[in-house]
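**Q** One structure, pasted below without further comment.
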Amino acid sequence: MGKEVGYYSFRIPLWFMGAAGILVWLIRFRLKESPRWLATHGKMDQAKKMMDDIEAEVKRETGLKELPPVTDKIEAPVKVSAYKDIFAKDIRKTTIMMAIFMFFQSGIFYGFV
Numbered sequence: 000m001g002k003e004v005g006y007y008s009f010r011i012p013l014w015f016m017g018a019a020g021i022l023v024w025l026i027r028f029r030l031k032e033s034p035r036w037l038a039t040h041g042k043m044d045q046a047k048k049m050m051d052d053i054e055a056e057v058k059r060e061t062g063l064k065e066l067p068p069v070t071d072k073i074e075a076p077v078k079v080s081a082y083k084d085i086f087a088k089d090i091r092k093t094t095i096m097m098a099i100f101m102f103f104q105s106g107i108f109y110g111f112v
């Protein structure tokens, strides 16, 4: 590994990132559209067809003749938090450690930029 590798050394990570980007771009064509997204954008027929396709696939994979009915979702109680809660005794060390980490991370980033 002579000077040639040194000359290309900054480009090698860029090649890997570019290849990963192309791979993700190709994989996205195999992803199915979200029925929820279709429904919220007024494409109800497509959303219904997508749900039917998903249900048929689940029936085929599980061997069920009929899927169980959808149950109502359970509402979890929402606790209102205050700013002082991040300094509670049980998470105080984590809060301090993350504050130190964020300080040095931003210092390193802006130190190079």
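Its first residue numbered 0, the sequence shown is counted upward by one per residue in numbering that gives the first Met the number 0.
Where a beta carbon is used, it is the ideal one built from N, C-alpha and C, also for glycine.
Model, not experiment: these values are computed from the prediction.
Quick check: the Cα distance between Ser80 and Lys42, rounded to an integer number of angstroms?
**A** Whole-angstrom Cα-Cα distance: 38 Å.
**Q** Using a Cβ-Cβ cutoff of less than 7 Å, which residues in the same chain neighbour Ile85 once the five nearest sequence positions on both sides are dropped?
**A** Closer than 7 Å at Cβ, skipping near neighbours: Thr94.
**Q** Since Met49 contacts Glu32 with CB under 8 Å, what's their CB separation in whole angstroms?
**A** Rounded, the Cβ-Cβ distance is 6 Å, consistent with contact.
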